[in-house]
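A.B. asks: Using my numbering, you'd call the opening residue of the sequence shown number 143 and step up by one each time.
Even for Gly, the Cβ is constructed at its ideal location relative to N, Cα and C.
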Amino acid sequence: MGRAALAVALFLFVGALACAQSAAELISQAEDLLPTRYLPENLTSAIDLYERALALQPGRADFMTQLAQLHYELGIISEDVKTKRREFRRGADLGFTALGFAGLSGAEEAKAEEFAARVSESENVAALYWTAKCWGMLVDTGGLMAQLGALTSGMPAKVRALYLAAIKLDETYFGGGPHEDYGALLVNFAKFHLYGATLEEAKAHFDRAIEIASGAGYLIPFVTYAEQYAVRAGDRALFEGLLRHVLQAPIGDWPFWNRIAKDKAQELLSRADRLFPCLLYTSPSPRDL
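#1: Can you list, in chain order, the residues of its chain with a C-beta nearer than 7 Å to that of R232? Leave out the 5 residues immediately preceding and following it.
#2: A252 lies in the alpha helix (DSSP H); which residues open and close that run?
#3: For F316 and C420, I'd like the C-alpha separation in whole angstroms.
#4: What did DSSP end up calling A147 once you bin it into helix, strand or coil?
#5: Once DSSP output is grouped into helix, strand and coil, what is the label at H335?
#6: Roughly how many angstroms separate the alpha carbons of I218 and Y305, rounded to a whole number?
#7: Closest by CA to E343, which one among G359, E322, S356, A210?
#8: Below 7 Å CB to CB, which residues in the same chain sit around F257 once its five sequence neighbours on both sides are set aside?
#9: Considering E265, what are the terminal residues of the alpha helix (DSSP H) in which it resides?
#10: Among the residues of its own chain, which have a CB less than 8 Å from the CB of R260, if the five just before and after it don't count?
#11: Counting only runs of 4+ residues fully inside the segment 305-373, write out the alpha helix (DSSP H) ranges in chain order.
#12: What's the C-alpha gap between A195 and T294?
#13: Relative to the alpha-carbon of E215, which residue among R179, G201, P392, F205 has its alpha-carbon at the smallest distance?
#14: Given a threshold of 16 other Cβ atoms within 10 Å of its Cβ, counted over all protein chains shown, does P200 qualify as buried or as exposed?
#15: Less than 9 Å separating the beta-carbons of F230 and C276?
#16: Which of the three DSSP states, helix, strand or coil, is assigned to W399?
#17: For T441, which three-state DSSP category applies?
#18: Would A358 and D405 be called neighbours here (beta carbons separated by less than 9 Å)?
#19: Buried or exposed: where does T207 fall if 16 or more other Cβ atoms within 10 Å of its Cβ makes it buried?
#20: Grab me the residues of E313's own chain with a C-beta within less than 8 Å of its C-beta, minus the 5 sequence neighbours each way, in chain order.
#21: With burial defined as no fewer than 16 other Cβ atoms inside 10 Å of the residue's Cβ, what is the status of D174: buried or exposed?
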């Protein structure tokens, strides 16, 4: 190899190394912000740092997976619907790319068999989980037409495959999150008589979710259990018990999500009478006796 060629090779190597170091530095800065991402400015800064790192190393599935989670979280706390949908779409697109699809559009276009096969082969439980959540919320925030379009396109079966793959791979991931969200999905499937889903099956997944969550100190599954299953089943005692547990529990090691859980629990309890309407007892009049 001539000196000129050697110099070029050395220059490219050093440049690549500099990029890697720069990406590592960006990720380090982002990770420092994650414990306090309940502050919106820290969450948006962490996303920006991860996006910049991904631009330097575009093939990094771990960066894409973390971004799928962070975009989902920003979507959850955003109030503007357009902002929510932008975040959920970006998260779903990155998540599906991390899973080996050509982004969200590639997953949407994939035939059911191809989709299920690729998902079942994945060993990235985080990508399976956050991609399912982002895609589900993207549809939920799209209005009736988006929801009807999803039903006719086979999207629910694909989301089901994502959650089942996550449960099989690691049911304890994110404090039992896969069981929690699959339970919520089953409640909705049962409502529309899809895939033979039942409330009993949903309850079994919620019970397992809060069993795992209790050990981890994670509170969101209790809120989801109350909002999705207890309301649908008309079980006010279960509803109130789950939410009072959330209010009494410490923030612990989940500062972003447990704060959200406590706010949501308080809001749901304030609506209990409307969520569980009942006939008021009235004494019979003398005429009725």
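C.D. replies: Short version:
#1: H213
#2: Element bounds for A252: n/a, residue is neither H nor E.
#3: 37 Å
#4: Low per-residue confidence applies at A147: pLDDT is 47, beneath 50, and the placement is therefore not dependable, though the value from the model is reported in the following sentence. It is helical.
#5: coil
#6: 19 Å
#7: E322
#8: A249, K300, A303
#9: It is not in any alpha helix (DSSP H) - E265 carries neither H nor E in the DSSP assignment.
#10: L241, G242, F243, A252
#11: 315-333, 341-358, 362-366
#12: 38 Å
#13: R179
#14: exposed
#15: yes
#16: helix
#17: What is shown of the chain runs 143 to 431, which leaves residue 441 out entirely.
#18: no
#19: buried
#20: P320, H321, R350, I354
#21: exposed
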